[in-house]
Amino acid sequence: MALQDVNSLLLISILFLTCICAPASSQLMSSRHDEEDACKTVDCGMGKCQVKPDVVPGYVCVCDSGWTKPQLLGLTWPSCVIPNCTFNYQCGGEPPLPPLPPLLPPPLSLACFLVFCGDGDCVASADGHECQCHQGSANMLGLPALPCVQKCEFLV
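Read in order, the letters of the sequence shown are residues -26 to -1, 1 to 130 in mature numbering (1 follows the signal peptide of the UniProt record, and there is no 0).
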C-alpha cells in the first residue's frame, strides 16, 4: 500500500511541476519579460488566469462560480476542473427506484439443480440424487440415478 501511495504522490508531483514549470521556463528563455506570458500557456479549466509575479508559477487560476480546484495529499491542482454540485435523484418527479429484492438463498443441496428425472421427481440423497418415479414408471436400467420412464416405454 505504501508503495502505491509513494507512486501516486510522485505522479501528482510530476504533473503539478509540469504545469507550474512550463510557463516559468518559457518566461526565462524569453528575451523580454511580459507579465501576460504567464497566462498565455495556462489552461485554468473553468476559471480565469491571473498574473501573480509573487507566486512561484507566476499565476493563479480563479475559479468561476460553481467550480473548484481538486486537492490531493495536501496539494491543490492549479486548474478549476471540479464542479461544485450535488446529485438530486428526485428531480425527475418520479419516485426513486425501489431497492433490489434480497437474493434467494441457495438450495440446501445442489444435487438436483440440473437433473432430469423424466416421469419422476429428483430427491437429494447422501450419494447425490435419486429419481423417485411416479406411479407406473420406473428408473431406466433400474438405477435410481437415471430418469424415470413409463414401464411401457422401456423394453428390456
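Ideal placement from N, C-alpha and C gives every residue a C-beta, glycine not left out. Keep in mind it's a predicted model, so treat the numbers as computed, not measured.
Nearest to residue 39 by alpha-carbon distance, out of 19, 48 and 103, is 19. The beta carbon of residue 125 is closer than 8 Å to those of 110, 111 and 112 in its chain, skipping five residues each way along the sequence. For residue 58, same chain residues with a beta-carbon under 7 Å away, outside a window of 5 residues either side, are 40, 41 and 42 in chain order. Residue 12 sits in a helix when the DSSP states are folded into three classes.
Taking a 10 Å sphere around the C-beta of residue 94, we find 16 or more other C-beta atoms and assign the residue as buried. With fewer than 16 other CB atoms across the displayed protein chains lying within 10 angstroms of its CB, residue 48 is exposed. Residue burial is scored here from C-beta neighbours: residue 100 has fewer than 16 other C-beta atoms within 10 angstroms and is therefore classed as exposed.
Residue 28 and residue 53 do not touch by the CB rule: their CB atoms are close to 20 Å apart, not below 8 Å. If only uninterrupted beta strand (DSSP E) runs of at least 3 residues are considered, those enclosed by the region 13 to 59 are 21 to 25 and 33 to 37.
Scanning 92, 108 and 98 for the CA closest to the CA of residue 120 turns up 92.
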